[in-house]
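Working notes, structure below.
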Ligand code: GDP
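Numbering (this note's numbering), first residue to last: 0 to 296.
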């Protein structure tokens, strides 16, 4: 389960805090030092950890907390609140165009991050909300990706638009828009090509798609298991093409949780959903408060 090792470590720190009637400044500092270690071991970004611990410490070493009835409990409450803040406080919805206007969503990410699977998962979510999404196969380098999108689209009962692998992604996107207008689709989701590493060609291709059609939301898919690499990928994509939000996949297998905890703080862009398994229904909206509760166990 996600965050297992982080949860276990934090619970140990908190058990210690709760067992003390009164807390001295040194008790709080010692506890926060352990929280810091736990977060670093969870692969949370170093700068993020530093400012997190500083914030908690400033709040915890106040008169109200130290002289309160249950100081240990108060410190835990502060950690909880700051964790929620770290992850962006509020749930961010994918912004849709008003009325019957078509919303174009471009999915981006490195190969293997789970982009194609997540694209189909997301289409399923929109369908449940009564929308009529169209999936578009813009990954022309991997014929298997087109097939995979078609299979997943069919499972979700969502139409997939593809033109094979001989046409430029930007042209496919343009043709898909005409198709969507005719078919009264109100959401178009472009599944773009990923590469093993970030490279100029991939960024240029995404840029070209953005120039060919109006993209309303660019969503980056990153793999939680890659920890701080996922955070670096998010920063990089945000700098180069601009992203509106992130979907963190494979959280079900990530015992550390560093990516999920760092992305908002490092990139300023919110996590929209998290992938919790391989099944097409395994996509959960991201609630910072629920995630904090999950982490604290
Ligand atoms: P793409 O190359 O980015 O399009 O990646 P794919 O969509 O092909 O996914 C790569 C692998 O990750 C596949 O085996 C997926 O089933 C798997 N995958 C995607 N999302 C999740 C997730 O949230 N949890 C788990 N456990 N596996 C996932």
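Glycine included, every Cβ here is placed at the ideal spot set by N, Cα and C.
Since this is a predicted model, take the numbers as computed values, not measurements.
At the C-beta level, residue 86 and residue 219 stay beyond 8 Å of one another. For residue 204, the enclosing alpha helix (DSSP H) begins and ends at 199 to 211.
Secondary structure at residue 162: strand, using DSSP grouped into helix, strand and coil.
Judged by beta-carbon spacing, residue 122 lies beyond the 8 Å limit of residue 98, meaning their Cβ atoms are not closer than that value. Counting only runs that start and end inside the region 67 to 110, the beta strand (DSSP E) elements of at least 3 residues fall at 102 to 108. The C-beta distance from residue 120 to residue 282 rounds to 4 Å, short enough to fall under 8 Å. Contact between residue 43 and residue 257 holds, since their C-beta atoms are separated by about 5 Å, short of 8 Å. In the DSSP assignment, the residues bridged to residue 132 are 186. For residue 55, the uninterrupted alpha helix (DSSP H) segment begins and ends at 45 to 59.
Per the coordinates, the alpha-carbon of residue 175 lies some 10 Å from the alpha-carbon of residue 168.
Contact between the region 274 to 292 and the region 76 to 85 is present: three or more C-beta pairs spanning the two stretches fall below 8 Å. Here DSSP, grouped into helix, strand and coil, assigns residue 246 to strand. A straight-line Cα-Cα distance of about 16 Å links residue 276 and residue 155. Counting the other CB atoms within 10 Å of its CB gives residue 204 a total of 16 or more, which places it among the buried residues. Under the three-state reduction of DSSP, residue 219 is assigned to strand. When rounded, the separation of the alpha-carbon atoms in residue 213 and residue 206 is 11 Å. Annotation for residue 145: the continuous alpha helix (DSSP H) segment containing it runs 142 to 155. DSSP, read as helix, strand or coil, puts residue 22 in coil.
When DSSP states are grouped into helix, strand and coil, residue 195 belongs to the coil group.
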